[in-house]
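2 protein chains.
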Amino acid sequence: MSLPHAILTALLEKPSSGLELTRRFDRSIGYFWSATHQQIYRELGKLETDGLIRALPAEQPSRGQKKSYEVLPAGRAELARWTAASQDPKPHRDALLLRLRAAAVVGTAGLEADLRRHLELHQRQLAEYREIEKRDFPPGRDGTEDRLRHLVLQAGIDLETFWTQWLGRALADVAALPGGEPTRPA
Amino acid sequence: MSLPHAILTALLEKPSSGLELTRRFDRSIGYFWSATHQQIYRELGKLETDGLIRALPAEQPSRGQKKSYEVLPAGRAELARWTAASQDPKPHRDALLLRLRAAAVVGTAGLEADLRRHLELHQRQLAEYREIEKRDFPPGRDGTEDRLRHLVLQAGIDLETFWTQWLGRALADVAALPGGEPTRPA
DNA sequence: ACACCTTGTGCAACTAGTTGCATAAACCGT
DNA sequence: ACGGTTTATGCAACTAGTTGCACAAGGTGT
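Residue numbers (the UniProt record's numbering), protein chains in the order written: chain A, 1 to 186; chain B, 1 to 186.
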């Protein structure tokens, strides 16, 4: 139940239309809580009927027109409640680690190329995060909002750093293995 | 679509009943692909009708009786195919990072305790991984199966190490902040 | 003026995962 | 022999997320 709260956060940062939200999810919030535009529109509808947000008055609220939303006091209260509430971490699921474990029984054939591809993806993501850091968090400023947001970005940077290092190691190991044959043939 | 493959991997490592699988998911595969017993039973049924696994013959296949499964050649082939196939990484979702970002707009009140709790959880998990490493991967042996499985465990260790460090830093930062008040009051 | 592309909003159907409960046998104390 | 706990299997309903498509308005080229 976090998507509504992701949207509330984004809207508090800046009132937006569905499409603007979608764009912002793609390059910011979506890094740790992704959502498609369909999800976002659906959720905006729910949040509006629940009285947590409202559409900003627009001239022609017809189809094909931008419709911006802002957070109402009830929405802010709900977000504060949710932020403070204790929550258990959800179990992670990582298909790549699973595949490596599978490869231990059925062989590593064909795996290497995809490991390399993942390595590149993570390298690219890491570079992007570093760009954002340089742009949005120059050495000087450290307001309390900035400090928290920087902390979040730092998590992203550290995670991508981990992945690139781990994938590098995994690739070296896989390359050093006998080959694609199962280690325990049927 | 990874649960069936997680199960196939587990069954190839060792044929098991539904409950045994559930237990093994809880302390091994589940670290990176968790599943409840309901999911597992449902999936075992599907895999059986699809001809990828079969129930090992048992005396009394009635309710309340253990029913073990083993992987058929078709199942092994499917797992090998899946392992080798290129897959895009699924977007992660991390509620804790989202909450931190929310806290930047609605304040950090109440957050600290839960950060501390998460830190402890990750420390405990890290300790458990280190135990497993000591037990299952002593310095000597390094068969190719072992090497791959060790790599997976290493990812777990490194990830938990990251989280404990990051949470430590986050706690320090949050504690140093003015208080629980919103940084940008309504 | 018409065809085409982009922007913006949205519904419907599907898939994967979660939660809550039901059932039955076996084992265990009294 | 009875009642409670553990082991073992499973169904049904729900929630969250994904995929595929539809539709309208506005701009752009011809």
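C-beta atoms are modelled at their ideal positions from N, C-alpha and C, and glycine is treated no differently.
Along the alpha helix (DSSP H) that carries residue i, what are the first and last residues, could you check?
i	result
Y129(B)	111-136
D175(B)	According to the sequence shown, residue 175(B) is Ala rather than Asp. Start and end: 144-176.
K90(A)	Looking at the DSSP string, K90(A) is not in any alpha helix (DSSP H), and its letter there is neither H nor E.
Within a Cβ cutoff of 6 Å, which residues of the same chain sit near residue i, ignoring the five residues on either side of it in sequence?
i	result
L56(A)	S68, E70
L12(A)	V71
E128(B)	none
A95(B)	none
T22(B)	H37, I40
Under 8 Å between C-beta atoms, does residue i make it to chain B?
i	result
S62(A)	Low confidence applies here, because S62(A) scores a pLDDT of 43, under 50, leaving its location unreliable and the question unanswered by this model.
E59(A)	Because E59(A) carries a pLDDT of 48, less than 50, the predicted location of this residue cannot be relied on, and no value is offered for it.
H37(A)	no
A170(A)	yes
S16(A)	no
T144(A)	yes
F25(A)	no
E120(A)	no
T22(A)	no
Report all residues from its chain with a CB closer than 7 Å to the CB of residue i; omit the five preceding and five following residues, and keep chain order.
i	result
L177(B)	T108
L115(A)	L167, A170, L171, V174
residue 191(B)	Residue 191(B) lies beyond the stretch modelled for chain B, which goes from 1 to 186, so this question has no answer here.
H5(B)	L79, W82
D50(B)	none
S17(A)	K66, K67, S68
P15(A)	L56, S68, Y69, E70
Taking the beta strand (DSSP E) that residue i falls in, what are its first and last residues?
i	result
A55(A)	53-55
Y69(A)	68-71
Would you please verify whether the beta carbon of residue i is less than 8 Å from any beta carbon of chain A?
i	result
A74(B)	no
I29(B)	yes
S34(B)	yes
F137(B)	no
P4(B)	no
L148(B)	yes
L12(B)	yes
Using the DSSP secondary-structure output, state which residues sit across from residue i in a beta bridge.
i	result
V105(A)	Answer is none; V105(A) lacks a bridge partner.
S17(A)	S68(A)
W33(A)	R93(B)
Between residue i and the rest of its own chain, which residues show a CB-CB distance below 8 Å, the 5 nearest in sequence each way excluded?
i	result
R76(B)	L8, L12
R54(A)	E48, Y69, E70, L72
Check: What are the residues of the segment 98-116 of chain B that lie near chain A, defined by any Cβ-Cβ distance shorter than 8 Å?
Finding: Residues of the segment 98-116 of chain B that bring their beta carbon within less than 8 Å of a beta carbon in chain A comprise L98, R99, L100, R101, A102, A103, A104, V105, V106, G107, T108, A109, G110, L111, A113, D114, in sequence order.
Next item on the list: Please name the residues in the segment 83-99 of chain A whose beta-carbon is closer than 8 Å to at least one beta-carbon of chain B, in chain order.
Entry: Answer in chain order: T83, A84, A85, S86, Q87, P89, K90, P91, H92, R93, D94, A95, L96, L97, L98, R99.
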